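K.L.:
Dropping the structure in here first, questions after.
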Amino acid sequence: MNALALLAALSGAVSIVAFQTGPWLLAAITKATTTILIIVHAARRNSDDAYARAISLGLIASLAGDVFLLWPNQGFLPGLVSFLVAHLLYLYAFTGGLRRGFALAPAIGYAIFAAVALGFLWGDVPGALRLPVVVYVIALVAMAAMAASMALRSGARDIAFSRMAALGAGLFVLSDTTLAFNKFAGPIALANVVVLTTYWLAQWLIAYSVRPAAR
């Protein structure tokens with residue numbers, strides 16, 4: 218594990234513990250710091266091609282979402298919009314990473330998963346948030362399906378990086394699903410631990426999917 222990864226892991230762990238036990242300010246600072254370290258990780262790998270730039274911009278949009286969601290009620294909608302932008306940027310990157318056409322199976326799987334999750338949550342989502350939530354879910358699963366398709370259709374040269382993206386996108390779906398059930402359906406024990414752990418693993422893997430620049 219390199220120094221940057223170690224710092225991100227340490228910062229993330231402190232944030233998770235601080236959110237559980239306090240103080241809130243420490244949790245907030247380390248939450249933002251962890252995502253900033255992941256942004257630095259992506260930028261250090263490569264900043265010269267469209268894929269790398271889209272991933273870095275997506276991480277920056279995610280950082281904005283992290284800050285908004287420090288206030289779960291007032292910041293929920295701005296946070297949702299920030300992460301929507303992040304997913305659209307990731308979707309753009311993964312679409313550009315396709316080499317041999319789109320794989321339909323992941324799209325069907327993620328669509329079924331999204332429909333089932335929304336079906337369970339629908340009655341608990343406030344009316345004013347239903348449209349934004351549906352738009353967000355569509356973008357989220359489209360991003361994840363495209364990442365999986367990229368992994369399935371990649372050549373040998375790209376397969377390791379594409380698999381990182383697909384795994385990261387899948388963890389993002391898990392993180393957001395846990396967050397949604399915790400927010401709308403009722404408290405889940407240690408939800409914040411699950412949400413943040415899977416979220417930062419997802420972002421790190423997506424950042425790691427950026428192919429290093431040629432030296």
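In our numbering, each number is its position in the sequence shown, counted from 1, plus 217. C-beta: ideal position from N, C-alpha, C; glycine also. These figures come from a predicted structure and were not determined experimentally.
Are three or more beta carbon pairs between the segment 302-310 and the segment 271-286 nearer than 8 angstroms?
P.N.:
The segment 302-310 is in contact with the segment 271-286.
K.L.:
Residue 296 to residue 288, Cα distance in whole Å?
P.N.:
Answer to the nearest angstrom: the Cα atoms are 9 angstroms apart.
K.L.:
Taking residue 311 as the reference, which of 397, 359 and 349 has the closest Cα?
P.N.:
Cα-wise, what sits closest to residue 311 is 359.
K.L.:
Three or more beta-carbon pairs under 8 angstroms between the segment 402-420 and the segment 245-256, yes or no?
P.N.:
Result yes; three or more Cβ-Cβ pairs closer than 8 angstroms.
K.L.:
Using the beta-carbon count (16 or more within 10 Å), is residue 329 buried or exposed?
P.N.:
Residue 329 is exposed by the Cβ-count criterion.
K.L.:
Under 8 angstroms by Cβ, that's how I've got residue 397 and residue 338 pegged, so tell me the actual separation to the nearest angstrom.
P.N.:
Right, the Cβ-Cβ distance comes to about 6 angstroms (below 8 angstroms), so this counts as a contact.
K.L.:
Looking at residue 426 and residue 365, is the spacing between their C-beta atoms short of 8 angstroms?
P.N.:
No, Cβ-Cβ distance for residue 365 and residue 426 is not below 8 angstroms.
K.L.:
Inspect the beta-carbon positions of residue 420 and residue 385 and report whether they are closer than 8 angstroms.
P.N.:
Going by C-beta atoms, residue 420 is nearer than 8 angstroms to residue 385.
K.L.:
Since residue 377 contacts residue 301 with CB under 8 angstroms, what's their CB separation in whole angstroms?
P.N.:
With a Cβ gap of about 29 angstroms, residue 377 and residue 301 do not count as contacting.
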